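S.K.:
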């Protein structure tokens, strides 16, 4: 596994200066350094905030030819989910995503919908409103994330078939969350002692057709904060994987992880038990699904098949010093997404 050094993300030809991983944004991203076609650039911030009973996912996305504001409300007790995405066309970078996750704001307004992800006094402030979210009723979110952990998962990934394609990604796992969500006339409160938030910060140029696997979890365990990020299948990850365990904010690097998605009649059976393992023996997890947040979009050249499955993890992870940590009933998700876009 190659660890990234400080410096520019892209060289003068628009190619990655290095491929590998880090625990912070050591590489400097600049949209102006990209040499690929303008319609291939993708930038987004995705936040997922939840406690043991309910959660909310918020996204602002600029894919150059198409952008979106999206929200998903999740109730793990019923269980149920509701997702609404509002599209806008040919933003071409005008959404003005910042170069770093550490500073800069993203604000976007559409008819009947607005979202703002801002930094305020060392906290992240997330505000989203949709007039018609479910049955004519609105959704309103006003949330704060704080206590960003020491380490995060950062990876710079090339694509073997196109030299100017790359993916620069950061996952911040285990921030404290507080605030409220108003959904269908009811208020859902998040408190710092039981609610957590994660950020998926993505910048890059992708090839047209890809399938990726991604999972994460976060919570408390015997007075400690525990979380992990796992994934594979996207680009050339021979230099590094994105698999990390976070224990009290410190990263512990894992090797390769397989999701062990169950099969039925030759197809993925997402709502049966998954059995996840790593080739270094440090990650062994049973995943019991609760909700399959699935979406299938096919409009000619643009096709997306998504299964983001929320559920509970049971098993063990081994830290860098050899300590084995028992995981019991840790809420998180695992997904398989196939895109042509």
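In this note's numbering, the protein residues as written are 43 to 383.
We put the CB at the ideal spot given by N, CA and C, even for glycine.
As the structure is a computational prediction, the values presented were derived from the model and not from experiment.
1. Could you work out which residue in 364, 65, 158, 44 is closest to residue 291 when comparing CA atoms only?
2. Examine the Cβ distances between the stretch 163-179 and the stretch 113-128 and report whether three or more of them are shorter than 8 Å.
3. Between residue 67 and residue 84, what straight-line distance do the alpha-carbon atoms span, to the nearest angstrom?
4. So is residue 440 buried or exposed if we call it buried at 16+ other beta carbons inside 10 Å?
5. What are the boundary residues of the beta strand (DSSP E) that residue 174 is part of?
6. Please state whether the Cβ-Cβ distance between residue 91 and residue 98 is less than 8 Å.
7. Compare the beta carbon distance of residue 126 and residue 139 with 8 Å and say whether it is the shorter of the two.
8. Looking only at its own chain, which residues have a Cβ that is under 6 Å from the Cβ of residue 229, when we skip the five neighbours before and after it?
9. Kindly give me the distance between the Cβ atoms of residue 187 and residue 218, rounded to whole angstroms, as I take these residues to be in contact under 8 Å.
10. Taking 8 Å as the cut-off, decide whether the C-beta atoms of residue 69 and residue 50 are in contact.
11. How many Å lie between residue 212 and residue 227 at the Cα?
12. Could you tell me if the beta carbon of residue 160 falls within a distance shorter than 7 Å of some heavy atom in the ligand FMN?
13. Closest to residue 119 by CA distance: which of 381, 100, 331, 307 is it?
14. Who does residue 116 pair with in a DSSP beta bridge?
15. So does the stretch 232-247 actually touch the stretch 192-211, counting three or more Cβ pairs closer than 8 Å?
16. Between the C-alpha atoms of residue 241 and residue 202, what's the straight-line distance to the nearest angstrom?
17. Have a look at 150, 270, 95 and flag the residue whose alpha-carbon is nearest the alpha-carbon of residue 299.
18. Taking the alpha-carbon positions, what's the residue 358 to residue 238 distance?
19. Using a beta-carbon distance below 8 Å, is residue 280 in contact with chain C?
20. Can you give the Cα-Cα distance for residue 94 and residue 55, rounded to whole angstroms?
21. Cβ atoms of residue 272 and residue 285: under 8 Å apart, would you say?
22. Smallest Cα separation from residue 353: which of 312, 142, 154?
23. For residue 77, does the three-state DSSP call read helix, strand or coil?
24. Would you say residue 196 and residue 184 are within 8 Å of each other, going by their C-beta atoms?
25. Measuring alpha carbon to alpha carbon, tell me which of 366, 251, 319 ends up nearest residue 204.
26. Taking just the CA atoms, how far does residue 243 sit from residue 349?
27. Where does residue 82 sit, in a helix, a strand or coil, going by DSSP?
28. Between residue 154 and residue 283, what straight-line distance do the alpha-carbon atoms span, to the nearest angstrom?
29. Output yes or no for whether 8 Å exceeds the beta carbon distance between residue 214 and residue 190.
M.R.: On the basis of the data shown:
1. Closest option to residue 291, Cα to Cα, is 65.
2. Yes, the stretch 163-179 is in contact with the stretch 113-128.
3. Linking residue 67 to residue 84 through their CA atoms gives a straight-line distance of about 18 Å.
4. Residue 440 falls outside the range modelled here, since the chain spans only 43 to 383, and no answer is possible.
5. Here the beta strand (DSSP E) through residue 174 covers 165-176.
6. Against a cut-off of 8 Å, the Cβ pair of residue 98 and residue 91 comes out as a contact.
7. Taking C-beta atoms as the reference points, residue 126 and residue 139 fail to come closer than 8 Å.
8. By the criterion of a C-beta distance shorter than 6 Å, residue 229 is surrounded in its chain by 222, once the five residues flanking it on both sides are discounted.
9. Contact holds; Cβ gap of about 7 Å.
10. Yes.
11. Cα-Cα distance, rounded: 35 Å.
12. Absence of the ligand FMN is noted for the structure shown, with no ligands found whatsoever.
13. Selected option, being the one with the closest Cα: 331.
14. Beta-bridge pairing links residue 116 to 97, 123.
15. Yes, the stretch 232-247 touches the stretch 192-211.
16. Roughly 27 Å between the two C-alpha positions.
17. The option with the nearest alpha carbon to residue 299 is 270.
18. Each residue's Cα considered, the two are about 21 Å apart.
19. Among the chains in the structure shown there is no chain C, since it carries only a single protein chain.
20. Roughly 47 Å between the two C-alpha positions.
21. Result yes, Cβ atoms of residue 285 and residue 272 sit closer than 8 Å.
22. Ranking 312, 142, 154 by Cα distance to residue 353 puts 312 first.
23. It is coil, neither helix nor strand.
24. Cβ atoms of residue 196 and residue 184: not closer than 8 Å.
25. Looking at the Cα atoms, 251 is the closest of the given residues.
26. Whole-angstrom Cα-Cα distance: 20 Å.
27. Looking at residue 82 - three-state DSSP - the assignment turns out to be helix.
28. When rounded, the distance between both Cα atoms is 40 Å.
29. For the pair residue 214 and residue 190, the CB atoms are nearer than the 8 Å cut-off.
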